[in-house]
Every structure is written in structure tokens, then in C-alpha cells.
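As numbered in the working numbering, residues 51 to 199 make up the sequence shown, in order.
Quick reminder that beta carbons are idealized off the backbone N, C-alpha and C, glycines included.
All figures in this text were calculated on a predicted structure; none of them were measured in a lab.
Report on one structure; see the data block that follows.
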Amino acid sequence: MAKKPTTTWTDSDPREHVAAVAHPVRRRDAETLLGLMARATGQEPRMFGASMIGFGEYHYRYASGHEGDAPAAAFSPRKAATTVYLPDGVDAHAPALERLGPHTTGVGCLYLKDLGAVDLEVLEDVVRRSYATVTASTFGQRARDGAAG
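See below:
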């Protein structure tokens, strides 16, 4: 029996979520990302779970047989940093990320403390390329398994 996803799309308003962000830099950065990610994906923002703002959707299916749907591009204004989710993994964008400016990474996450310190054109291109990769067809690779081939 397939396990039901714990995080799903909600009817919450992403703009209200952004307006309620307490940290002024995270709120400002989230307002910027609403426009940047909409341009990069051609999609309107929707809440995914309680704190993730997603743009578009992709279907994934892993070799293990596990499959589901998730935001094709997303971010979350968190207390320590804004998290930008790259479902195809940060390694797929290593050359661009060298030009981005101050950031840290996880396997599929880009952590940004201040969008004013990064190259927004580079960030928009990374989001656009990641979105195109995961929406081209059913995506079969987890971010931790490396860049798509």
C-alpha cells in the first residue's frame, strides 16, 4: 500500500504567509522571490504544507518504486535563512552557484541569508533550469543521488 504524503498543497494564501514573516530581511527576500520564481517558472505561487511556497508541480518516480508529486520550484522563509529548494540537486548547478554570491547548500537546498548580496539573475537562471529539468517528464532521481543525466 502506497504511503500518503505528509505534506500537500493547501488553500492558504502565499502572499499572506509572506506578509506574516516576522524577520524583515526574510520578508523582503520572500517578496522578491514571489516575483522571481513566478518569472522563472511561469507559475503562480501556492502553499505546500505550512511554510513552503511552491511554483508548479512535478511527478517523481524512484527506482525503489516510490513516487509522488511535489513543487517543481519552491522556497521557504525560515528563521536562519531563506531556503530555495532545487529538486534536481545543487550539484546540477555548481558552475552557476560559484557566481551567485554568499550562500550555503544542502543536497537539494540553497540557503540564502540576504538576497541583496546575491546575483538575482544567476538565481533566476538556476531556478529556471531546475524547474525545466524536473518538469520535462517524470523525474527519476533524488537530489542526493546526483545531477540528472
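- Sequence-distant Cβ neighbours of Gly151 in its own chain, meaning closer than 6 Å and more than five residues away, are Ala167, Val168, Asp169.
- Under the three-state reduction of DSSP, Gly139 is assigned to coil, being neither helix nor strand.
- Beta-bridge analysis with DSSP links Glu107 to Pro121.
- Thr82 and Val172 have their C-alpha atoms roughly 14 Å apart.
- The beta-carbon distance between Ala131 and Tyr161, rounded to whole angstroms, is 4 Å. This is short enough to meet the 8 Å contact definition.
- Around the CB of Gly115, fewer than 16 other CB atoms lie within 10 Å, so the residue is classed as exposed.
- In terms of Cβ geometry, Tyr135 and Gly158 form a close pair [threshold 8 Å].
- Under the 8 Å Cβ criterion, the segment 69 to 76 does not count as touching the segment 95 to 109, having fewer than three qualifying pairs.
- In the three-state scheme derived from DSSP, where H, G and I count as helix and E and B as strand, Pro64 is classed as helix.
- DSSP places Val134 in the strand class (E or B) of the three-state scheme.
- For Tyr181, the secondary structure class from DSSP, reduced to helix, strand or coil, is helix.
- The three-state secondary structure of Leu150, taken from DSSP, is coil.
- In this structure, DSSP gives Thr57 a state outside helix and strand, which the three-state scheme calls coil.
- Three or more Cβ pairs closer than 8 Å define a contact, and the segment 119 to 133 meets that threshold against the segment 87 to 96.
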